Amino acid sequence: MANTDVIVTESITKVYGGNGVPVEALRGVDLTIQSGEFTALVGPSGSGKTTLLNIISGLDTPTEGKVWLSGKLLSGMSGNELSDFRRDNIGFIFQAYNLIPVLTVEENVEYIMLLQRVSKAERHGRVAAMLEEVGLAGFADRNPPQLSGGQQQRVAIARAMVSEPAIVLADEPTANLDSRTGADLLDMMSHLNVQTNMTFVFSTHDPMVMERARRLITLKDGQVESDEIK
Amino acid sequence: MTLKIAFRNIFRQKRRTILTALAMIVGFTLSSVFIGWSDGAYSDIIAMFTQNRIGHIQVHRGDYLDKPSLYKTIAGYESIGATIGNVEGVEAWTPRVYSAGLGSVSEKSTTVQIIGVDVAREVEATRFDREIIDGKVISAQPAREAVLGKGLARNLSAAIGDELVIVSQGADGSIANELYKIVGIAESGDDITDRMACYLHIVDAQELLVLEGRSHEIVVIVSNINRVHKITKGIKTALDDSTLDVAPWQVVAKDFYRAMQADKQGDAIGRIIIMLIVAIGVLNTVLMSVLERTSEYGVLKAVGTKPRQIFWLVVCEVLIIALGSIVVGAGLGTAGNYLLSIYGITMPQEFTYGGIKFQTMYAEVNVRSLIIPAITVILSSGIVSIFPALKAARILPARAMRAH
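In order, the protein sequences belong to chains A and B. For our numbering, add 22 to where a residue sits in the first sequence, where the first one is 1. For our numbering, add 9 to where a residue sits in the second sequence, where the first one is 1.
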């Protein structure tokens, strides 16, 4: 494993036992993603993109196989260790935004830093800068339901990136957005990737994402069908 | 932040919060009124049982309480009584002489319990004069007058002004007999006592029984019944006489006290049932809330919230509602107990407890009626929130977010 390898998977298999009929979502996926990559996992529905993303992030456990993130083996971690690891190393962007509805925009972005016990002054400074970056400087006191889908996804991006994680995992981040908003957000993430050298991994069907990604990993029936570096 | 989220979640689902709080408020109020009313009723029973009859503390010679005897007497009871009267918390004391005898009025005879009382002290201590339902109380100076219990007067077909002959045994072994004029009929509220009680002036009783300057019992009334054990100790220390037995009312009336304690335990079971019903209601609403927010808990875990932080988030929400409910419940419970302490609840029929007749039961406003329901609500809410909180804390983020 090279020092620059931030995500390494080895023979990942995931079998769901829904209704007594086992379904193989992933079948022996081996993958290595290096620091600073802007990678898209693509493939048809049911190909295993989201499942792979969940397993890479420790949100789900593989039936077989191993995952290393920044050199750490996830399967050896306890629930608390996994929480801490995700908090400090991974930023998430979800298709449904998944903001905490009872917190304001500012509090949503600030939340992870609170868990990290970052000082109040630093938190406020970083939140203000991040909201400025995503174009929501005047929206700090709004609640998520008061924002449009695009604005909520910008908040989600700000939340994912404000603590400067090594990896940002985005599951269909543009699926609920119109093409213009989606393109804007992708440009923003691409810019942040270049600026900060964070690793971005997308799971997507969206041609706009595929167009901007510098590496395309195509999944089919739970296996890597192709791996193309542009 | 956990508290902030908990607070906001409470106001987010107002209807559910109101439902949960209502269950807690009703449980608290019922429990509070239940305690206030039963405490009030027990206080009344104890007050009547002690103040009007046995007193709060009794002093006897040796084991008189377990094995009464004409010969187990307290000599110099006046000076002993004076010492007792100086003990802090003692309000009044009164000596009594007891014996059994045969009482006759005209041609009717029956066994009587001779009770020699110091009229002035007895009136001050036990309000003996209030028990007189016909005639008058015995004169303050010995005048060979007698007051009969209502039942005894009925059994002897005695009326005010009749002559009563008492035959008994003197402490010197002689046959004691004397003639007394019936001046009053008394009703203590205890039918058994009233069927046998024959009250004489203590000096007359001492003369009859050849017990000059002696009594069998000193009854003590204290200013605060809750301090009775402490005052009992104070009297023991002041008397410093190992031949004298100083006992609080709980020892004097062991059977009555035990019956009351058993009754109180029965009340506790009633309170537990109320809180159990409340707890099931709260568990249901909290579980619903957790299930509805499964996806949110998944997100919180995904971004790095620890399982224990999610656990406390759920518990905090329940406890915040519980605290609010306690404040409202305390207001309602106190108001309920206050009204019941004034108007009481009148039973359709008179009932007897410990030989004392009651018809109206009054509540009591006390700290216990707030503390016990408060602890019960906090504990039961805390306990029922554990299961939903564990469920939320153990959620697998990926599966939870799929539930969205």
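Ideal Cβ placement from N, Cα and C applies to all residues, glycine included. All figures in this text were calculated on a predicted structure; none of them were measured in a lab.
- [ ] Give the straight-line distance between the Cα atoms of A/Gly-160 and A/Glu-132, rounded to the nearest whole angstrom.
- [x] 16 Å
TODO: Work out the CA separation of B/Glu-373 and B/Gly-342 for me, nearest whole Å.
DONE: 11 Å
Task: Cβ-Cβ distance between B/Glu-226 and B/Val-68 below 9 Å - done: Yes. Within cutoff.
Open item on the list: Runs of 4 residues minimum, wholly inside the stretch 373-402 of chain B: which ones carry the alpha helix (DSSP H) assignment?
Closed with: 377-402
Task: Contact set between the stretch 240-254 of chain B and chain A, restricted to residues whose Cβ is under 9 Å from the partner - done: none
Open item on the list: Within a Cβ cutoff of 8 Å, which residues of the same chain sit near B/Gly-391, ignoring the five residues on either side of it in sequence?
Closed with: Val-324, Val-327, Leu-328, Ala-331
Open item on the list: Does B/Gly-279 pass the burial test, meaning 16 or more other C-beta atoms within 10 Å, or should it be called exposed?
Closed with: exposed
TODO: Could you work out which residue in A/Val-28, A/Glu-194, A/Met-220, A/Arg-145 is closest to A/Val-231 when comparing CA atoms only?
DONE: A/Glu-194
Task: Top-ranked residue by Cα proximity to B/Ser-177, from B/Leu-220, B/Thr-202, B/Lys-159 - done: Closest in C-alpha terms to B/Ser-177, from the list B/Leu-220, B/Thr-202, B/Lys-159, comes B/Leu-220.
TODO: Give a yes or no on contact between the stretch 117-128 of chain A and the stretch 163-178 of chain A, applying the rule of three or more CB pairs nearer than 8 Å.
DONE: Three or more beta-carbon pairs separated by less than 8 Å link the stretch 117-128 of chain A to the stretch 163-178 of chain A, which places the two stretches in contact.
Task: Residue closest to B/Ile-194, alpha-carbon to alpha-carbon, out of B/Asn-164, B/Leu-253, B/Thr-103 - done: B/Asn-164
Open item on the list: Measuring only the C-alpha atoms, how far is A/Gln-173 from A/Leu-207?
Closed with: 10 Å
TODO: Going by DSSP, name the residue or residues bridged to B/Tyr-189.
DONE: In DSSP, B/Tyr-189 forms a bridge with B/Leu-173.
Task: Residue range of the alpha helix (DSSP H) that includes A/Gln-56 - done: Not the alpha helix (DSSP H): A/Gln-56 falls in the beta strand (DSSP E), residues 45-56.
Open item on the list: Going by beta-carbon coordinates alone, are A/Glu-103 and A/Ile-34 separated by less than 9 Å?
Closed with: no
Open item on the list: Which of the three DSSP states is assigned to B/Ala-101 in this structure?
Closed with: strand
Task: Proximity of B/Ile-147 and B/Val-174 at Cβ, strictly below 9 Å - done: no
Open item on the list: Taking the alpha carbon of B/Gly-98 as the reference point, which residue from B/His-65, B/Thr-120, B/Gly-345 has its own alpha carbon closest?
Closed with: Here the closest residue by C-alpha is B/His-65.
TODO: Report, in whole angstroms, the separation of the C-beta atoms of B/Trp-46 and B/Leu-285, which I expect to be a contact under 8 Å.
DONE: With 8 Å as the limit, B/Trp-46 and B/Leu-285 do not qualify as a contact, their Cβ atoms being about 20 Å apart.
Open item on the list: Quick check: the stretch 71-81 of chain A against the stretch 43-51 of chain A, are at least 3 beta-carbon pairs closer than 8 Å?
Closed with: yes
Open item on the list: Could you check whether A/Val-28 and A/Ser-57 sit closer than 9 Å to each other, using their CB atoms as the reference points?
Closed with: yes
Open item on the list: Just to confirm, is the Cβ distance from B/Ala-311 to A/Leu-95 under 9 Å?
Closed with: no
TODO: Quick one: give me the first and last residue of the beta strand (DSSP E) that A/Phe-116 is part of.
DONE: Element bounds for A/Phe-116: n/a, residue is neither H nor E.
TODO: Would you kindly work out how many angstroms separate the C-alpha atoms of A/Asp-228 and A/Ser-201, rounded to a whole number?
DONE: The alpha-carbon atoms of A/Asp-228 and A/Ser-201 are separated by roughly 10 Å.
Task: Segment limits, alpha helix (DSSP H) that includes B/Ala-344 - done: 316-352
Task: Reference A/Met-183, options A/Val-89, A/Ser-212, A/Met-99, closest by Cα - done: A/Ser-212
Task: Short Cβ contact (9 Å threshold) for B/Arg-139 with B/Asn-233 - done: no
Open item on the list: Please list, in chain order, the chain A residues whose beta carbon lies closer than 7 Å to that of B/Thr-314.
Closed with: Ser-105, Leu-137
Open item on the list: Measuring alpha carbon to alpha carbon, tell me which residue in B/Met-57, B/Ser-251, B/Gln-259 is nearest B/Val-237.
Closed with: B/Gln-259
Task: Segments assigned alpha helix (DSSP H), at least 4 residues, entirely inside the stretch 64-110 of chain A - done: Counting whole runs of 4 or more residues, the stretch 64-110 of chain A contains the alpha helix (DSSP H) stretches 71-79.
TODO: Please look up how many angstroms separate the CB atoms of A/Pro-187 and A/Met-220, rounded, as I've assumed it's under 8 Å.
DONE: 7 Å
Task: Nearest-angstrom Cα separation, counted from B/Phe-16 out to A/Gly-68 - done: 40 Å
- [ ] Confirm the yes/no value for this check: CB of B/Ala-288, any heavy atom of the ligand ADP, distance under 8 Å.
- [x] With respect to the ligand ADP, the structure shown offers nothing to examine, as it has no ligands at all.
Open item on the list: Please report the distance separating the alpha-carbon of B/Phe-37 from that of B/Leu-300.
Closed with: 27 Å
Open item on the list: I'd like the span of the alpha helix (DSSP H) that includes B/Pro-406, first residue to last.
Closed with: Segment 406-411, the alpha helix (DSSP H) holding B/Pro-406.
Open item on the list: Please report the distance separating the alpha-carbon of B/Gly-179 from that of B/Ala-185.
Closed with: 5 Å
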